[in-house]
Structure formats: structure tokens, C-alpha cells
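Undergrad: This is the structure I have questions about; it appears just below.
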Amino acid sequence: MLRFMFVGDSMTIGSAGEHTWRYRMWQHLRATLGPEGAAVVGPRTALYDKATGEPLSHDYAYDVPLEFPRHHLAGWGEGWLHMAPQIADALQRDPADVLLISLGLIDLGFYTNADQTTANVRAFVTAARSANPHVRMVLLPVIPNIRAESDAPFAAEVSHFNELLAKTVADLDTSASPLLLASPPLSYDIHVDTYDGTHPNASGEHKLAAAFATALSQAWGIGGPGGAALAGDGTAPPSEVPSNP
Numbered sequence: 376m377l378r379f380m381f382v383g384d385s386m387t388i389g390s391a392g393e394h395t396w397r398y399r400m401w402q403h404l405r406a407t408l409g410p411e412g413a414a415v416v417g418p419r420t421a422l423y424d425k426a427t428g429e430p431l432s433h434d435y436a437y438d439v440p441l442e443f444p445r446h447h448l449a450g451w452g453e454g455w456l457h458m459a460p461q462i463a464d465a466l467q468r469d470p471a472d473v474l475l476i477s478l479g480l481i482d483l484g485f486y487t488n489a490d491q492t493t494a495n496v497r498a499f500v501t502a503a504r505s506a507n508p509h510v511r512m513v514l515l516p517v518i519p520n521i522r523a524e525s526d527a528p529f530a531a532e533v534s535h536f537n538e539l540l541a542k543t544v545a546d547l548d549t550s551a552s553p554l555l556l557a558s559p560p561l562s563y564d565i566h567v568d569t570y571d572g573t574h575p576n577a578s579g580e581h582k583l584a585a586a587f588a589t590a591l592s593q594a595w596g597i598g599g600p601g602g603a604a605l606a607g608d609g610t611a612p613p614s615e616v617p618s619n620p
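Per this note's numbering, the very first residue in the sequence shown carries number 376; after that it's consecutive.
Encoded structure:
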């Protein structure tokens, strides 16, 4: 059994009433690896509650089954800066074989520039390997967002960071602890796949999960490409899958 840990910011933790791309990815892993082939681990389980401003909600979308393992290491407003000091303890508490990581937007938006953020990526990788020298990591670049669409200097910083991230992944990749850069979904449209220009709605969740699924399948032969399990809920056509709020 492979143990997966989701690491991310607000797009990964999700908010009350959502399915989250974590759920879509879990569906895919179950469909391709089997119910006993994958486990989801992590020190947190809650969603962000916009009403209280705290990550205390456990109200996932109405049709998310109870057996969905809600574990993760994700936080609203948290980035590489915040996760680098936490990852070693998280892995010691909840050992994982594969980290699925979506971070960077919040760093560049509020805390650090591209070079500083890259330094925190390196610190994260070092800390993760200190807890598990054989951990695998899949990293997603910063994907399109509403601020980058209207703020040219910010868009340039995002582009610069994504270039640095690709170089960092290539530099730090080892056979003992492989690093993999996932490709952002080419069809991702912030006006279609998000509810506010940043956070994914149902279609965005499927596309983010598919990006990780495709990377895992193509590079490491884990699971399969993002197919039926990521096109909908597995039973209804995509157009009939309930959307997130």
C-alpha cells in the first residue's frame, strides 16, 4: 500500500461545502490502485470555515462518502514558508511514501519573492528527507489565478518562480528520493474552473487531481492517467456532477 499526503494552501484544504481536489484524487487512486492499494495520511482533517475564519469545519460536500480519508497537511493562507518547518514532524507522525504538493501562490502573494520562495522549497525538501530519506514528491507549479491576470509584475514573479521551481526539482531529484514536477492542466481556465478566480470549483478540482494523476502515471507508473474517475463522480456524466458553491 502506498501512503499519500496532500500538502497545500487554500486550494488544497478547501472550504466548507466543497469536495476538494483531494477527494477527486482519492477517487482516482481507489479506481486505479484498488481500495487496499493507497492510503491518505496527514495530521489535519478539517476544511476552512469562511464564516469563522478558522480551519474547523468538517462539512464536506453532501455526497462525499464517510470512508473518504480526510487527512492532509494543508492550510488556508499557508505556503512553502509555513510548511517547510512542519513537514518533518508531519512525516514522523504520519509516515508517507508520496507527497502531492500544491504551494507557492500564497507565498508570492503575501510573504516572499520568487527567490525566497525557492529557498523555502529547498528547505522543505531537506526537512522531508530528514524524516523519510526515500520519500517521493510531486510538485505542482503555481497555476493561473485572478491576480496574475490583472497584475503584470505579480504574473512575472509567478513565471519566474515556476522557472526556478523546475530547476530546483531537477537539481534536487535523486534516485533515492525522486522529485517530479507536474504539468499544470492546459485547459485550466480561471473563469470556468474556479469560483472566485483562484479556488477550484468542481471542474477545477478534477483538473488539478488529473494533473497529479497524469504525472504519477507517466513518470512512475503509479495508478493511471486522469481518466473516468477524474471526469466526474464515477457514475454520472460530468455535466451532472454537483458543482461546489
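In this text, a Cβ means the ideal position worked out from N, Cα and C, and glycines have one as well.
Can you tell me whether Trp455 sits near the ligand NAP, meaning its C-beta is under 7 Å from at least one heavy atom of the ligand?
TA: Ligands in the displayed structure: none, and consequently the ligand NAP is not present.
Undergrad: Select from Val567, Ala498, Phe443 and Thr395 the residue whose C-alpha is nearest the C-alpha of Ile462.
TA: With distances taken between Cα atoms, Ile462 lies closest to Ala498.
Undergrad: Note down the Cα distance separating His574 from Asp384, rounded to an integer number of angstroms.
TA: Spanning the two alpha carbons is a distance of roughly 10 Å.
Undergrad: Do the segment 575–583 and the segment 379–396 touch if we need at least three Cβ pairs shorter than 8 Å?
TA: They touch, by the three-pair rule.
Undergrad: Tell me whether Leu441 is buried or exposed, calling it buried when 16 or more other Cβ atoms sit within 10 Å of its Cβ.
TA: Label assigned to Leu441: exposed.
Undergrad: Helix, strand or coil: which one does DSSP assign to Tyr570?
TA: Coil, per DSSP.
Undergrad: Determine the closest residue to Asn537 out of Ser558, Ala527, Glu524 and Asp526, with distance taken between C-alpha atoms.
TA: Nearest option by C-alpha distance: Ser558.
Undergrad: Apply the 10 Å Cβ neighbour rule to Tyr437 and answer buried if 16 or more other Cβ atoms are within range, or exposed otherwise.
TA: Flag for Tyr437 reads exposed.
Undergrad: Does DSSP put Pro528 in a helix, in a strand, or in coil?
TA: Helix.
Undergrad: Measuring only the C-alpha atoms, how far is Ala545 from Pro553?
TA: Approximately 10 Å between the Cα atoms of the pair.
Undergrad: CB-CB under 6 Å to Thr407, same chain, minus the five flanking residues each way: which ones, in chain order?
TA: Same-chain partners within the cutoff: Gly598 and Gly599.
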